[in-house]
Amino acid sequence: MSLTPDDVKRIARLARIETSDAEAQATQAQLNSIFDLIATMQAVDTAGIAPMAHAQEVYQRLRDDAVTETDRHAAFQAIAPAVENGLYLVPKVIE
Amino acid sequence: MSSETSLSALAAQLAARQISSRELAQTYLDRIAALNPAINAFITVDPEKTLLEAAAADALIAAGLAGPLTGVPIAHKDIFCTDGWLTTCGSKMLHNFVAPYDAHVIQRFKAAGLPSLGKTNMDEFAMGSSNETSHFGAVKNPWNTAYVPGGSSGGAAACVAARMAPAATGTDTGGSIRQPAALCGITGLKPTYGLVSRYGMIAFASSLDQAGPMAPSAEDCALLLNVMTGFDPNDSTSLERDKEDYARDLDKPLTGLRVGLPKEFFAEGLNNEVAAAVDAAVAELKKLGATTVEISLANSKLAIPVYYVLAPAEASSNLSRFDGVRYGYRAPDYGSLDDMYCKTRAQGFGAEVKRRILIGAYVLSHGYYDAYYLQAQKIRRLIANDFSEAFKVCDVILGPTAPGTAFRLGEKSDDPVEMYLNDLYTIPANLAGLPGMSLPCGFDSQGLPIGLQLVGNYFSEAKMLNVAHQYQRATDWHARAPEGLK
Amino acid sequence: MMKWETVIGLEVHTQLATKSKIFSGSSTAFGAAPNTQASAVDIALPGVLPVLNKGAVECAIKFGLAIGANLNRINVFDRKNYFYPDLPKGYQISQLAKPIVEGGALTVAVDGVEKTIHLTRAHMEEDAGKSLHEDFHGMTGIDLNRAGTPLLEIVSEPEMRSSAEAVAYARALHTLVTWIGICDGNMQEGSFRVDANVSVRPVGQAEFGTRREIKNLNSFRFLQQAIDYEVRWQIETLEDGGRIEQATVLFDPDTGETRMMRSKEDAHDYRYFPDPDLLPVKLDEDWIEAVRAALPELPAAMQARFQRDYGVSPYDAAVLTGSRALADYFETAAQACGQGKLAANWVMGELAAALNKAELDISASPVSAAQLGALIARIQDGTLSGKLARQVFEGLWEGAGEVDAIIEARGLKQMSDSGELEKIIDEVLAANQKSVEEFRSGKEKAFNALVGQVMKASRGKANPAQVNELLKAKLQN
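Same order as they appear, the protein sequences are chains A, U and E. Sequential numbering of the first sequence, starting at 128, is according to this note's numbering. Sequential numbering of the second sequence, starting at 255, is according to this note's numbering. Sequential numbering of the third sequence, starting at 18, is according to this note's numbering.
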């Protein structure tokens, strides 16, 4: 299989990474060589094999329902790009 | 072969009040000031903070409250959030990010009284095998500064090799501790997945990432592992296990040890000099009482394709939080919200990171999930099953850490696939969640270090360290440091 | 003229009534200053990790048991990836392939006809933050206090055929989730938000029509209005020869219309995959059984029992089980007085009217169930007439004390002393000779006038039955 520059633009859009046509062209070639490498696993017969999502066969530990956090918004917002009145500011969101 | 700068030796000097933690820290800070401009192993050095922490360690020692390593300064990979320290993960995206909290690993070292010498350079978001993708410039290999140190924990490996720090922390997603350890001639261990908390360690591929120690010797690594490991309620994948002493078996003889040699790791693509050094190491272990058995890890040849589906998939999602809203880089000029996202991420991430985000977004996208992501997860199980079978007939698996020694800066940076192949032997352990380590076993004709890899069964770190320590008692590869660095 | 059938399925987001968030130890309390309840995990600082709140899982188990659903003993959290400023991680942790709850059903009544609505699934997920669009120099402000609040998204099968059925189902669901205590049900604060998938098809057609999803309806009235508008719009569009395109729409309460938010073409590619930071969730049988044992009696069972034990009508039983607080109130009052039907009348009549007027919830009633029961008992034992009882009720409402104390203090006891009553009757007869004459000449109405005079002279305290009896006896002498 082979990605087209349009495919590259589409996934760059999904990932919110600005990509010019020239960049998409260059990236396309690199991605295709990587997907050629990846393609070697396609031929493997995996019928009946359960997917492995985690390294350990253990179950989720549960936390007691208790409030343990305190207000740290001043410290957190000291490193934010744009804040006002305790809010993070972003360009106008249109719904 | 315990040197004067081994962790146990330094700890003994501190305990005997032959030196203070402040003096020791200053010695290393001076060496960093002298050598780092040539090596670029550190992104952040803050002598004032280091000396404050050292003074606190001295107070603990004076009060008789010292632990085994209290006062010994070490360096931390810049992937660990460190309260009040710049924590960049090697990226422009976090070039201004002063972490407001400590990673669990950092908390453990602070609680044990080990001052931080600074934050080490790394491939951007731990994505790379040469440390050339860092926004803060490439790290140079102390054995020859025209060569790469390996990656992604290249700064950690280089600073330890150049003796700018007695030891360092690293992280390993596909070989990022072991491969740079091999290329820089030091010892590094990636523990069983779940032994070291990932809380506060900036995520690359969550199901593979694991932190571990990097130091000259296996004994040093054992002592560091004693500090680093332990249950953390803030990490759902952290394992609840009894605390163990990883140094307990160091001195056991190797009589009867069964060493598995996977035939796939000695096949085509392996550099001859590396193969010869590994063969010599096998011979040395046999002298120490080990026996060998050929094993097969038939599916390990699929490890790279599987890894380059799973790791980018997880990474593409893990790195979505870098959007210029709450911290880190935000593009200076933008119009709409979408424009801000797209420009911030295009400018804040480097080429390799963007490449992997795109691969990840693609393999998870509609219509491709089953063919890529699910198939990769199934083969991941086949790879893990191979190891389970192998450990029925051997105690530890041995092979080369990397197919070759260090390569020249820039040599592979234009060819991602060539670069990815460097992790051929290290990735399988990450996919299975098994512990793996690299230790020095010789030098090539150019004087560059060669690494030997051990992969153990789950939770067999003490056994692996025992094997490595016995090997290091019989050899001195690990004790050699690059000359000409003053 | 073609006949159309409406098809509706609902997706309801219920905020779970936990103290802390689903993956962090931040408070979920409503109304705090912006971002003061947004921890490192909630704002997605680099390196932070989620740990699942046991309380949220328990809420989901309760719900699954209450609707007779299958509880997936192993369920899995997935990541739903999309960019939005109120979604700090760039993904929402949700459950796609293996939700905690599958199946189950709720029975609702519309115009006296019962209908069972089946549920598809219910899954746990985290809420997003809020975007505040007031003008910050043309910017939007982001408050992440709500980010990470646990949600149970409850998805029905497309089995409703009218807005009335949809509202009945939504109300029954609202009653149930508040009943079992997993949601506070506060719709103004967004604790219970409804999305409606609406389509129409010609009657008799097997396939569904193309649906449009109306997002975020936060009142039952808006749900009804939005569906009614949407159905009319879809039928008109089709009858005019148009086509329905799959889309997400918003309801504007001011215009009463729905408007397009995004078309299918803009639909996200969410790139779901299992969250590697969270392990599969396992539900132990012991845990499930303990939750089952602690579940309160459910509304349907209680309705049947109220009819059986207290003799109330099916309609009254349904009204009285409108909320657990109301049902508990009724039952306490009924048991205190031993008069189920009378208690039902008072709870649904006098009390409901007073609460309604004062805009109070039953849980905030100034008159306790025990007090109302005591009041009804005093009616039953003849101490109070209905009229006097209403005066005592007013006293209770004002906080004037307990029932007997109010009767005593205000002198509201019915006259039980026949000597005193006879004296009053004698005085009334003497003063109303004309009426006496009229009665004796056969005018029955004159008797009622005399009863009224006696009651008036007793200031309402005479027992009307006793007045009748004594008056008759005296007039026949």
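From the three backbone atoms N, C-alpha and C, an ideal C-beta is built for every residue, glycine too. Note that the structure is a prediction, hence the values are computed from the model and not measured.
Under DSSP, the beta-bridge partners assigned to N395 of chain U are U:N398.
Excluding residues up to 5 positions away in sequence, Q431, M432, L438, I441, V471, M472 lie with their Cβ nearer than 8 Å to the Cβ of A479 of chain E in the same chain.
The C-beta separation of V647 of chain U from I549 of chain U comes to about 7 Å, placing the pair in contact by the 8 Å criterion. The DSSP-derived three-state label of I704 of chain U is strand. At a cut-off of 7 Å between C-beta atoms, Y186 of chain A does not count as an interface residue with respect to chain U. Close to D286 of chain E, with beta-carbon spacing below 8 Å, are these residues of chain U in chain order: S619, H620. C-alpha of V481 of chain U to C-alpha of F363 of chain U: approximately 7 Å in a straight line.
For Q152 of chain A, none of the residues of chain U pass the 7 Å Cβ criterion, the least Cβ distance being about 14 Å.
With a cut-off of 8 Å on Cβ pairs, the stretch 308-317 of chain U is not in contact with the stretch 344-359 of chain U, counting fewer than three such pairs.
Beta bridge pairing from DSSP links P167 of chain E with E:E143. In this chain, the beta strand (DSSP E) harbouring M278 of chain E covers 274-280. Exposure of A365 of chain U is indicated by the presence of fewer than 16 other C-beta atoms within 10 angstroms of its C-beta.
For the options E:K106, E:G226, E:R238, the alpha carbon positioned closest to that of I261 of chain E is the one of E:G226. Taking all protein chains in view, the Cβ of H140 of chain E is crowded by 16 or more other Cβ atoms within 10 Å, so the residue is classified as buried. Between the C-alpha atoms of M18 of chain E and D144 of chain E there is a straight-line separation of about 45 Å.
Within the same chain, no Cβ atom closer than 6 Å to the Cβ of K632 of chain U is found once the five residues on either side in sequence are excluded. Using beta-carbon distances, D134 of chain A does not count as an interface residue toward chain E, since no partner is under 7 Å.
L343 of chain E sits away from V384 of chain E, with the two beta carbons spaced by 7 Å or more. For D160 of chain E, the residues of chain A that pass the 9 Å Cβ criterion are G213, L214, Y215, in the order they occur in the chain. The alpha helix (DSSP H) runs lying completely inside the stretch 359-412 of chain E and spanning 4 residues or more are 369-375, 386-397, given in chain order. In this structure, G405 of chain U lies near G382 of chain U, with their beta-carbon atoms less than 7 Å apart. For R218 of chain E, the uninterrupted beta strand (DSSP E) segment begins and ends at 209-219. Taking the beta carbon of C335 of chain U as reference, no residue of chain A falls within 8 Å; the closest one sits roughly 12 Å away. Sequence-ordered contacts of the stretch 72-100 of chain E with chain U read R96, N98, F100 [C-beta pairs closer than 8 Å]. A straight-line Cα-Cα distance of about 8 Å links S642 of chain U and N711 of chain U. Residue state for H723 of chain U is assigned as helix, using DSSP reduced to three classes.
At least 7 Å separates the beta-carbon of K331 of chain U from that of G466 of chain U. A residue is called buried once 16 or more other Cβ atoms fall within 10 Å of its Cβ, and V220 of chain E, having fewer, is exposed. Taking every protein chain shown into account, the CB of I221 of chain A has fewer than 16 other CB atoms within 10 angstroms, so this residue is exposed. Contacts with chain U at 7 Å (Cβ-Cβ) include I60 of chain E.
What P301 of chain U touches in chain A, judged by beta-carbon distance under 9 Å, is nothing: the nearest beta carbon there is about 23 Å away. Among the residues facing chain U, Q183 of chain A is included, as its CB has a counterpart in that chain under 7 Å away.
Those residues of the stretch 479-503 of chain U placed with their C-beta closer than 7 Å to a C-beta in chain E are P487, N488, D489, S490, T491, ordered along the chain. The CB of K106 of chain E comes closer than 7 Å to the CB of S574, R575 in chain U, given here in chain order.
The continuous stretches of beta strand (DSSP E) do not include I60 of chain E, and DSSP gives it neither H nor E. Closest in alpha carbon position to F390 of chain U, among U:N294, U:S407, U:S571, is U:N294.
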